[in-house]
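First residue of the sequence shown? That's 313 in the numbering used here, and the numbers climb one at a time after it. Glycine residues also receive a C-beta, built at the ideal position from the N, C-alpha and C atoms. Written below as structure tokens is the structure these notes are about.
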Amino acid sequence: MTTTTTGFDERAMAAVPSSAPFLERLRRQAFEEFDALPIPSQETEEWRYTDLEDLGLDLRPFVEGGRAENLDQVPEEILAAAGQVGERAGLQIQRNSEVMITHLDPALGERGVWFGDLDRAIAERPDLVEPYLHA
């Protein structure tokens, strides 16, 4: 039997920051299921005819820039691509898989509307996320 190291184990999972106990529980359950799965091999019938040569896993370099504190700090070309801010009740712009800025019409915020990315929702409003995550 061949043992393959995946680079992800209990220690790596413990190092992932968790902001909600329910999320840590779900991660642990998912890891246990992952850990029980066999490593795919072309000797296995399900993987025998799977050719991953054309999958194209080349990573593109990230563009420079980070988080914006307000809409004035968002480059014009990005805002232009997003359209008029006033046309949308909510706007979230991502760059390099990170949220650059989130904007919600203040009138909607006053009415109780919450708008944001999943990481922020888990940190700020786990009550909105938990009932729907793995429901």
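Determine, using beta carbons only, whether residue i and residue j come nearer to each other than 9 Å.
| i | j | result |
| --- | --- | --- |
| Gly-377 | Asn-408 | yes |
| Ser-331 | Ala-401 | no |
| Val-425 | Ala-433 | no |
| Val-328 | Arg-337 | no |
Look up residue i in the DSSP assignment and give the residues it is bridged to.
| i | result |
| --- | --- |
| His-415 | Leu-403 |
| Glu-376 | Glu-376 is not bridged to any residue. |
| Glu-410 | Arg-407 |
Taking the beta carbon of residue i as the centre, do at least 16 other beta carbons fall within 10 Å, making it buried, or is it exposed?
| i | result |
| --- | --- |
| Leu-403 | buried |
Taking only the alpha-carbon atoms, compute the straight-line gap between residue i and residue j and give it to the nearest angstrom.
| i | j | result |
| --- | --- | --- |
| Pro-350 | Ile-390 | 44 Å |
| Gln-385 | Asp-417 | 18 Å |
| Glu-381 | Ile-405 | 12 Å |
| Met-325 | Phe-334 | 15 Å |
| Gly-421 | Ala-392 | 24 Å |
| Asp-347 | Arg-437 | 30 Å |
Confirm the yes/no value for this check: CB of residue i, any heavy atom of the ligand ATP, distance under 8 Å.
| i | result |
| --- | --- |
| Thr-356 | Although the ligand ATP was asked about, the structure shown includes no ligands whatsoever. |
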